[in-house]
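Novice: Heads up, the sequence shown is in numbering that gives the first Met the number 0, so the first residue is 0 and it goes up one at a time.
Yeah, the Cβ is synthetic: ideal placement off N, Cα and C, and Gly gets one too.
Would you mind keeping the following structure in view while I ask a few things?
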Amino acid sequence: MSKGIKKQIIKYTLPILCLIPIALYFIFFHDSISFNNADWGDFGDYIGGVYSIIMSIVVVYLSYYLTKKDVKKAKKNDAIENINKKIHQCESARKDETRIKYGMELKKHGDYYSLYISESLKNHIIQLADQYIKNNVDVKLKKDILNQLKQAYDD
C-alpha cells in the first residue's frame, strides 16, 4: 500500500474512530446533554478509559514505526561511512599490495551494502574498486562517488 493511500485512510478513518465512543455513549446511556455533575463525571471516566487505550495503541505504533525508520537510517549511514572509509584507505595506500587489498574490500563493500545505496552508485563503487586494483584511478569518478555518498548520507 502506498504512503498516499495510507495517509488518506488515516485522514478519514481517525476522526470517525474518535467520534464512535462519544456517539455510543450518547446512544446507549443518554438521550440529551445532562445538567447533572455525576453524569459528566461518568462521561469523563468513560472517555478517559476509551481514549487512553486508543492513544496507547497509537503511541506504540508510532514508537515502532519511528524506531524502525531510525534503524534503517543508521544502517544506511553506517554503510556509507564504511564505503567512504574504504575509498580513503585505497587512496592512502602506499604499497600496491595494500591498495589492491583495499580495492578488493571496497568491491565487497559495494556488493554487501547494496541494500542501502542506489544501483548506479553501487556500480560506480565497483568500477572505482577495479580501478584501484589496476592502479588506474579516474579522479572525476572518485569525486562523483564521494559527492553521491555525501548526498545519500544527508538524505
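Kindly give me the distance between the Cβ atoms of residue 105 and residue 79, rounded to whole angstroms, as I take these residues to be in contact under 8 Å.
Specialist: Your numbering for residue 105 matches position 106 in the sequence shown. Your numbering for residue 79 matches position 80 in the sequence shown. The Cβ separation is near 13 Å, so there is no contact.
Novice: Report buried or exposed for residue 67, applying the criterion of at least 16 other Cβ atoms within 10 angstroms of its Cβ.
Specialist: The residue given as residue 67 occupies position 68 in the sequence shown. With fewer than 16 other Cβ atoms within 10 Å, it is exposed.
Novice: Suppose you measure from the CA of residue 21 to the CA of residue 77; what does that come to, to the nearest Å?
Specialist: One-based indexing of the sequence shown puts residue 21 at position 22. One-based indexing of the sequence shown puts residue 77 at position 78. Taking the straight line joining both Cα atoms gives about 48 Å.
Novice: Rounded to whole angstroms, how far is the Cβ of residue 109 from the Cβ of residue 131, which I believe are closer than 8 Å?
Specialist: Here residue 109 refers to the residue found at position 110 of the sequence shown. Here residue 131 refers to the residue found at position 132 of the sequence shown. So it is not a contact: roughly 12 Å between Cβ atoms.
Novice: Measuring CB atoms only, is the stretch 127–147 touching the stretch 84–96, in the sense that at least three cross pairs come out at less than 8 Å?
Specialist: With the cut-off at 8 Å, the stretch 127–147 and the stretch 84–96 touch.
Novice: Please report how far the alpha carbon of residue 26 lies from the alpha carbon of residue 32, in whole angstroms.
Specialist: Indexing the sequence shown from 1 puts residue 26 at position 27. Indexing the sequence shown from 1 puts residue 32 at position 33. About 11 Å.
Novice: Compare the Cα-Cα distances from residue 75 to each of 40, 117, 37 and 94 and report the closest residue.
Specialist: Residue mapping note: residue 75 aligns to position 76 of the sequence shown, counting from 1. Among 40, 117, 37 and 94, the Cα nearest to that of residue 75 is on 117.
Novice: Three-state secondary structure (DSSP) at residue 44?
Specialist: Against the sequence shown, residue 44 aligns to sequence position 45. Residue 44 falls in the helix class under three-state DSSP.
Novice: Using a threshold of 8 Å, state whether the C-beta atoms of residue 120 and residue 144 are closer than that.
Specialist: Translated into positions along the sequence shown, residue 120 becomes position 121. Translated into positions along the sequence shown, residue 144 becomes position 145. Going by C-beta atoms, residue 120 is nearer than 8 Å to residue 144.
Novice: What number of angstroms, rounded off, separates the C-alpha of residue 146 from the C-alpha of residue 73?
Specialist: For the purposes of this step, residue 146 is taken as residue 147 along the sequence shown, with counting starting at 1. For the purposes of this step, residue 73 is taken as residue 74 along the sequence shown, with counting starting at 1. Going by the C-alpha atoms only, they are around 19 Å apart.
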